[in-house]
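A.B. asks: There's a structure below that I have some questions on.
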Amino acid sequence: MPQFRKKPVVIEAIQWNGKLTTVEHLHAEFSQVLGDDGLSIHTLEGVMRADVGDWIIKGVKGEVYPCKPDIFAATYEPVHAEDGASK
């Protein structure tokens with residue numbers, strides 16, 4: 096079976112600390128803060144829940160979605176100015 100490598104893509108992300116002010120700059124349409132420190136996020140796949148400590152990602156087309164910390168760490172690494180990324 097053919098194999099494929101994910102293209103390197105730079106995304107914006109922030110780890111949610113339980114406060115909406117943490118994620119406001121991502122311009123996501125959040126429906127509400129849920130009980131037990133959860134956040135409801137409207138994604139392209141429907142409404143998803145983010146818990147405190149989850150990463151909130153803004154994708155390459157402006158889509159916003161949550162990501163669990165272990166998946167985020169396995170998938171993403173920080174971009175540094177010397178890597179040629181623009182801010």
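Counted the way this note's numbering counts, the sequence shown spans residues 96 to 182. Backbone N, C-alpha and C fix where the C-beta goes; we use that ideal spot for every residue, glycine too.
Apart from the five residues just before and just after cysteine 162, which ones in its own chain have a Cβ nearer than 7 Å to its Cβ?
C.D. replies: Excluding sequence neighbours, cysteine 162 sits near Asp149, Trp150 and Ile152.
A.B. asks: Going by beta carbon distance, what residues of the same chain come within less than 6 Å of threonine 138, once the five residues before and after it are set aside?
C.D. replies: Tyr160
A.B. asks: Can you round the beta-carbon distance between aspartate 146 and glycine 133 to whole angstroms, since I take them to be within the 8 Å contact cut?
C.D. replies: 6 Å
A.B. asks: Beta strand (DSSP E) containing leucine 139: first to last residue?
C.D. replies: Per DSSP, leucine 139 belongs to no beta strand (DSSP E) and is neither H nor E.
A.B. asks: Express the C-alpha separation of glutamate 172 and arginine 100 in angstroms, rounding to a whole number.
C.D. replies: Looking at the two C-alpha atoms, the distance is approximately 16 Å.
A.B. asks: In the DSSP assignment, the alpha helix (DSSP H) including valine 118 goes from what residue to what residue?
C.D. replies: 115 to 118
A.B. asks: What does the alpha-carbon distance come out to for the pair lysine 182 and alanine 108?
C.D. replies: For lysine 182, the pLDDT reaches just 43, beneath the cut-off of 50, and the residue's location in the model is therefore unreliable, although a value from the coordinates is still provided. Their Cα atoms are separated by approximately 13 Å.
A.B. asks: Just curious, the alpha helix (DSSP H) that isoleucine 109 is in, first and last residue?
C.D. replies: Here isoleucine 109 belongs to no alpha helix (DSSP H); instead the beta strand (DSSP E) covers 107 to 110.
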